[in-house]
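K.L.:
Protein chains in written order, with this note's numbering: chain A, 131 to 561; chain B, 10 to 306. Idealized CB from N, CA, C, for every residue including glycine. Just passing along the structure, written as structure tokens.
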Amino acid sequence: MSADGHSSYNPSTGIERWVDRRLPLPRLLYDSFVAYPVPRNLNYWYTFGGILTVMLVSQILTGIVLAMHYTAHADMAFDSVEHIMRDVNFGWLLRYMHAVGASMFFVAVYVHIFRGLYYGSYKEPRELLWILGVIIYLLMMATGFMGYVLPWGQMSFWGATVITNLFSAIPLIGESVVTWLWGGFSVDNPTLNRFYSLHYLLSFMIFGVVILHVWALHMTGQSNPTGVEVKNKRETVPFTPHATAKDSFALVCFLLLFAYFVFYQPNFLGHPDNYKQADPLVTPSHIVPEWYYLPFYAILRAIPSKLGGVIAMFGSIGVLFIVPWLDTSKVRSAVYRPLYKQFFWILVAVCILLGWLGAKPAEGGYVIAARICTFWYFFHFLILLPILGLYETPKPRPASIADAVLGGADGEDGGAAAKPAGATAAPQTRG
Amino acid sequence: MMRATKLSGLALAAIAAFAFVFSAAFAAEEEGGPAHYPLKHPHHVDWTFSGPFGNFDPQQLQRGFQVYREVCSSCHSMDLVAFRNLASERGPHFTEAEVKALAAEYDIADGPDDEGEMIERPGIPADRLPAPFANKNAAAASNGGAYPPDLSLVAKSRGVERGFPTFVFDIFTQYQEGGPDYIFSLLTGYEDAPAGKELRDGMNYNPFFIAGDQIAMAPPLSDDQIDYAQNQDEDTANDVPQTIDQYSRDVVSFLMWAAEPHLVVRKSMGFNVIIFLIVFASLLYYTKKKVWASTPH
Chain A
131 MSADGHSSYN PSTGIERWVD RRLPLPRLLY DSFVAYPVPR NLNYWYTFGG
181 ILTVMLVSQI LTGIVLAMHY TAHADMAFDS VEHIMRDVNF GWLLRYMHAV
231 GASMFFVAVY VHIFRGLYYG SYKEPRELLW ILGVIIYLLM MATGFMGYVL
281 PWGQMSFWGA TVITNLFSAI PLIGESVVTW LWGGFSVDNP TLNRFYSLHY
331 LLSFMIFGVV ILHVWALHMT GQSNPTGVEV KNKRETVPFT PHATAKDSFA
381 LVCFLLLFAY FVFYQPNFLG HPDNYKQADP LVTPSHIVPE WYYLPFYAIL
431 RAIPSKLGGV IAMFGSIGVL FIVPWLDTSK VRSAVYRPLY KQFFWILVAV
481 CILLGWLGAK PAEGGYVIAA RICTFWYFFH FLILLPILGL YETPKPRPAS
531 IADAVLGGAD GEDGGAAAKP AGATAAPQTR G
Chain B
10 MMRATKLSGL ALAAIAAFAF VFSAAFAAEE EGGPAHYPLK HPHHVDWTFS
60 GPFGNFDPQQ LQRGFQVYRE VCSSCHSMDL VAFRNLASER GPHFTEAEVK
110 ALAAEYDIAD GPDDEGEMIE RPGIPADRLP APFANKNAAA ASNGGAYPPD
160 LSLVAKSRGV ERGFPTFVFD IFTQYQEGGP DYIFSLLTGY EDAPAGKELR
210 DGMNYNPFFI AGDQIAMAPP LSDDQIDYAQ NQDEDTANDV PQTIDQYSRD
260 VVSFLMWAAE PHLVVRKSMG FNVIIFLIVF ASLLYYTKKK VWASTPH
């Protein structure tokens, strides 16, 4: 599965040879995580894939143990979570790791996605890799949403009510769809039960798509900050020990952030109302989703019509699927795209602003600001990306990674002199 | 390059101006619009359990429990707390014997027994603290229609929104005592209604209340209302003032412990974990440096 297509695995013991002839799993792992060549110029923004994998495993492990102590029933769910917090040995640690872990998972995934947008990682030949990533992100959102319902607090209940009600905007069949989702005529015990079942299922579906994501990654090889494809072996280093060491360091730094929140601020990212048991008769003064959905919530509320809001909200994720074709520039990396680079940072700012607006009541100046930001979000992807690629003058790019990293000294043997191949190495004039 | 820097500067300025304009627009609206509650923001109290080395003071929690028991518990339940929890070493730390004796003072509804009859028996440490009312409706009916909430989690389920940018600073100052500060401010914040303010029947004026300016709960505490057990012994050195302020501090600390009984273990474990991770990260950093030493990247 290595990028150059042939395996360098050399079973050294009899047992390894025996296994390799029957089930070449050790070979697969060796080629994927030891010999796998990675560009030597990857920076720390490229360590978040590994971090995400660890976070996913952490979520699954803590989740499995929590499930042993949790009771998915409208009358008992809230108390069973408190039972975990109070009476289960280290139950508080498991639950805080799981709840804070979900937030950290999203922190990492946002860095990962924006890294992809910055370095143009979605471009040919990595379109499927990118699309699989967007699918993982969608699954994460569904999983996170349903997981937040399980403690059956006030925000769980009312969040679930608001979000499931969105489907009533579908013309003609909307109401029936909502009843079908609820398993009744309001969010109630059947809803909780199915969300629990699906929450458990979806985490493993994410795991499955992650395997496809990594597989696709290993087919094309990693992109890199220059955006110039790897041209020869000298531009890469073996995954182990190079990437392993770098990823491990980055991972432990990330775990420091994770631990800080788990042990010192475990409820900072949650909402106090979720420590009140769900009460269908008392509506919280304003209902807010978890922080990682806030930009989308802002988009939803920015559109005056309900159906329009729902379409815009799903569209804001849907548009990510076609980014590889919206971006017409032949240059991958924003490093060499002076205009795109600025619009990238504006997009980051707009997304953060949308997040802040999502937490504010939908009134007055907030709505106007949310509309401007929503407009800009879609403008960026649907108008700017196609146009920029046609009119932007990219800066001169290095002919190869070797050229960029090793300088002129290595230029002769395969660097600058080598004939550029493939779309990304097209002449350095406008795309 | 010059052009790029200029443009990004321009873009940043545009965003800043944009943010400023609509936040100003909002501020103007806030002044004219409906009142936002609470009218007064909670006081910041110096709690023993705040910060990275936060701890509970067992004596304070015992006093707090006394306040709960003699005052709050006549209306408020604490369904999630069992008598045995009161023996918790990093909590109120009552002795086993004290907890046993305390539980036995209560009659607990139980049954059916061997004859099929429902019975009342003396409490045991495994029992939860009994609720003052049989059910939610009875509680509401006896309190003018306002249901007195269960207090087990109240220290975590209340909090006044901190707003931007304060909530960002809170990450670094580890401020997470919004609940305790709010309850303390509420308990000590009762005032006479300002002139011209009509109070609804049975309501009380409290500018710290999060859901309006009037609250159904009457001022629960008054000076010298409770004779602290701690003040009854010969030793006057450990006496504490019997004031609303002190009662409130004590009962709120007790409520925080009840809401987060493993808080102290959590924070002390956190310190070890963070130290470990810092050491581990520095080892990995030098490992990484060594691995990449001869690899330009």
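Give the interface partners of residue 209 of chain B over in chain A, defined as CB-CB distance under 8 Å, in chain order.
P.N.:
Counting from one through the second sequence, the residue named residue 209 of chain B turns up at place 200. Going along chain A, no residue has its Cβ under 8 Å from residue 209 of chain B, so there is no contact; the nearest lies around 19 Å.
K.L.:
For residue 165 of chain A, which of A:407, A:351, A:483 and A:423 has the nearest alpha-carbon?
P.N.:
The count along the first sequence starts at 1 and reaches residue 165 of chain A at position 35. Ranking the options by Cα distance to residue 165 of chain A, first place goes to A:351.
K.L.:
Skipping 5 residues on each side, what residues in its chain have a beta carbon closer than 8 Å to that of residue 143 of chain A?
P.N.:
Taking the first sequence and counting its residues from 1, the one referred to as residue 143 of chain A is at position 13. Correct list: empty, nothing qualifies.
K.L.:
Please state whether DSSP places residue 75 of chain B in a helix, a strand or coil.
P.N.:
Residue 75 of chain B sits at position 66 when you count from the first residue of the second sequence. Here residue 75 of chain B sits in helix by DSSP.
K.L.:
Classify residue 38 of chain B: buried if its beta carbon has 16 or more other beta carbons within 10 angstroms, exposed otherwise.
P.N.:
Walking along the second sequence from the start, residue 38 of chain B turns up at place 29. Interpretation of residue 38 of chain B is limited by its pLDDT of 46, a score under 50 that renders its predicted location unreliable; the figure taken from the coordinates is listed afterwards. Exposed is the call here.
K.L.:
Quick one: grab the DSSP three-state call for residue 419 of chain A.
P.N.:
Position 289 of the first sequence, counting from 1, holds the residue named residue 419 of chain A. It is coil, neither helix nor strand.
K.L.:
Taking residue 524 of chain A as the query, report the chain B residues whose CB atoms sit under 9 Å from its CB, ordered along the chain.
P.N.:
In the first sequence, counting from the first residue as 1, residue 524 of chain A sits at position 394. In chain order: nothing, as chain B lies at least about 12 Å away.
K.L.:
Cβ of residue 486 of chain A less than 9 Å from any chain B Cβ?
P.N.:
Taking the first residue of the first sequence as position 1, residue 486 of chain A is located at position 356. Cβ-Cβ to chain B under 9 Å: yes for residue 486 of chain A.
K.L.:
Please state whether DSSP places residue 116 of chain B in a helix, a strand or coil.
P.N.:
Within the second sequence, residue 116 of chain B is the residue found at index 107, counting from 1. It is a strand residue.
K.L.:
Return yes when the Cβ of residue 286 of chain B is within less than 9 Å of the Cβ of residue 386 of chain A, no when it is not.
P.N.:
Stepping through the first sequence from its first residue, residue 386 of chain A is reached at position 256. Stepping through the second sequence from its first residue, residue 286 of chain B is reached at position 277. Yes, Cβ-Cβ distance for residue 386 of chain A and residue 286 of chain B is below 9 Å.
K.L.:
At a CB distance below 7 Å, what residues from the stretch 243–270 of chain B approach chain E? Give them in sequence order.
P.N.:
Here chain E cannot be found, since the structure's protein chains are A and B.
K.L.:
Give the straight-line distance between the Cα atoms of residue 482 of chain A and residue 425 of chain A, rounded to the nearest whole angstrom.
P.N.:
Looking up residue 482 of chain A in the first sequence gives position 352. Looking up residue 425 of chain A in the first sequence gives position 295. Using only the alpha carbons, I get a separation of about 7 Å.
K.L.:
So residue 65 of chain B and residue 58 of chain B are in contact, right, with Cβ under 8 Å, and what is the actual spacing, rounded?
P.N.:
Within the second sequence, residue 65 of chain B is the residue found at index 56, counting from 1. Within the second sequence, residue 58 of chain B is the residue found at index 49, counting from 1. With a Cβ gap of about 6 Å, residue 65 of chain B and residue 58 of chain B count as contacting.
K.L.:
Identify each residue in the stretch 58–75 of chain B for which the Cβ-Cβ distance to at least one residue of chain A is less than 7 Å, and report them in chain order.
P.N.:
Per Cβ criterion, the list reads 61.
K.L.:
Which of the residues in the stretch 334–354 of chain A, read from start to end, lie with their CB under 9 Å from any CB of chain B?
P.N.:
Of all residues in the stretch 334–354 of chain A, none has a Cβ within less than 9 Å of some Cβ in chain B.
K.L.:
Are the beta-carbon atoms of residue 508 of chain A and residue 445 of chain A separated by less than 9 Å?
P.N.:
The count along the first sequence starts at 1 and reaches residue 508 of chain A at position 378. The count along the first sequence starts at 1 and reaches residue 445 of chain A at position 315. Contact flag set, yes.
K.L.:
Cβ of residue 288 of chain A less than 9 Å from any chain B Cβ?
P.N.:
Counting from one through the first sequence, the residue named residue 288 of chain A turns up at place 158. Not closer than 9 Å to any Cβ of chain B, the Cβ of residue 288 of chain A fails to qualify, so no.
K.L.:
Please report how far the alpha carbon of residue 250 of chain A lies from the alpha carbon of residue 371 of chain A, in whole angstroms.
P.N.:
As a first step, residue 250 of chain A must be located in the first sequence, where it is residue number 120. As a first step, residue 371 of chain A must be located in the first sequence, where it is residue number 241. Taking the straight line from one Cα to the other gives about 26 Å.
K.L.:
Can you say whether residue 100 of chain B is buried or exposed, counting buried as having 16 or more other CB atoms within 10 angstroms of its CB?
P.N.:
In the second sequence, residue 100 of chain B corresponds to position 91, counting from 1. It is buried - the Cβ of residue 100 of chain B has at least 16 other Cβ atoms within 10 Å.
K.L.:
Using DSSP's beta-bridge definition, name the partner residues of residue 283 of chain A.
P.N.:
Within the first sequence, the letter at position 153 stands for residue 283 of chain A. Looking at the DSSP assignment, residue 283 of chain A forms a beta bridge with A:407.
K.L.:
Using the Cα positions of residue 307 of chain A and residue 315 of chain A, report the straight-line distance between them to the nearest angstrom.
P.N.:
Mapped onto the first sequence, residue 307 of chain A falls at position 177. Mapped onto the first sequence, residue 315 of chain A falls at position 185. Taking the straight line joining both Cα atoms gives about 11 Å.
K.L.:
Could you tell me whether any Cβ in chain B is nearer than 9 Å to the Cβ of residue 379 of chain A?
P.N.:
Residue 379 of chain A sits at position 249 when you count from the first residue of the first sequence. Cβ-Cβ to chain B under 9 Å: yes for residue 379 of chain A.
K.L.:
Which residues in the same chain as residue 169 of chain A place their Cβ atom closer than 7 Å to its Cβ, once the five residues preceding and following it in sequence are excluded?
P.N.:
Taking the first residue of the first sequence as 1, we reach residue 169 of chain A at position 39. Taken in chain order, the residues that qualify are 352, 354, 360, 365, 366 and 531.
K.L.:
Suppose the cutoff is 8 Å on Cβ atoms and the five residues either side in sequence are ignored; what does the same chain contact list for residue 88 of chain B look like?
P.N.:
Locating residue 88 of chain B in the second sequence gives position 79, where the first residue counts as 1. Excluding sequence neighbours, residue 88 of chain B sits near 137, 138, 140, 159 and 161.
K.L.:
Tell whether a beta-carbon distance below 9 Å holds between residue 9 of chain B and residue 216 of chain B.
P.N.:
Since the first residue of chain B shown is 10 and the last is 306, residue 9 of chain B is not available in this structure.
K.L.:
Between the stretch 237–252 of chain A and the stretch 329–337 of chain A, do three or more beta carbon pairs fall short of 8 Å?
P.N.:
Cβ pair count under 8 Å is below three, so no.
K.L.:
State the DSSP-derived secondary structure class of residue 219 of chain A, mapped to helix, strand or coil.
P.N.:
Residue numbering aside, residue 219 of chain A sits at position 89 when the first sequence is read from its first letter. Here residue 219 of chain A sits in coil by DSSP.
K.L.:
Suppose the cutoff is 6 Å on Cβ atoms and the five residues either side in sequence are ignored; what does the same chain contact list for residue 268 of chain B look like?
P.N.:
The residue you call residue 268 of chain B lines up with position 259 of the second sequence. The answer, listed in chain order, is 162, 164 and 165.
K.L.:
Residue ranges of each beta strand (DSSP E) run of no fewer than 3 residues wholly in the stretch 97–141 of chain B, ordered along the chain?
P.N.:
Complete beta strand (DSSP E) runs here, min 3: 116–119 and 128–131.
K.L.:
Name the DSSP bridge partner or partners of residue 223 of chain B?
P.N.:
Taking the second sequence and counting its residues from 1, the one referred to as residue 223 of chain B is at position 214. In DSSP, residue 223 of chain B forms a bridge with B:214.
K.L.:
When the Cα atoms are used, what is the spatial distance from residue 123 of chain B to residue 253 of chain B?
P.N.:
Residue 123 of chain B sits at position 114 when you count from the first residue of the second sequence. Residue 253 of chain B sits at position 244 when you count from the first residue of the second sequence. Whole-angstrom Cα-Cα distance: 49 Å.
K.L.:
Going along chain B in order, which residues have a C-beta closer than 8 Å to the C-beta of residue 402 of chain A?
P.N.:
For the purposes of this step, residue 402 of chain A is taken as residue 272 along the first sequence, with counting starting at 1. Going along chain B in sequence order, the residues near residue 402 of chain A (Cβ under 8 Å) are 165, 166, 167, 168, 187 and 188.
K.L.:
Whole angstroms is fine: what's the gap from residue 458 of chain A's alpha carbon to residue 505 of chain A's?
P.N.:
Counted from its first residue, the first sequence places residue 458 of chain A at position 328. Counted from its first residue, the first sequence places residue 505 of chain A at position 375. The straight-line gap from Cα to Cα measures roughly 21 Å.
K.L.:
Would residue 228 of chain A be called buried (16 or more neighbouring beta carbons within 10 Å of its own) or exposed?
P.N.:
Counting from one through the first sequence, the residue named residue 228 of chain A turns up at place 98. Label assigned to residue 228 of chain A: buried.
K.L.:
Considering only residues of the stretch 161–219 of chain A, which uninterrupted alpha helix (DSSP H) runs meet the minimum length of 4 residues and lie entirely inside it, listed in chain order?
P.N.:
Those alpha helix (DSSP H) runs which fall completely within the stretch 161–219 of chain A and span 4+ residues are 178–199 and 207–216.
K.L.:
State the DSSP-derived secondary structure class of residue 428 of chain A, mapped to helix, strand or coil.
P.N.:
Walking along the first sequence from the start, residue 428 of chain A turns up at place 298. Three-state result, residue 428 of chain A: helix.
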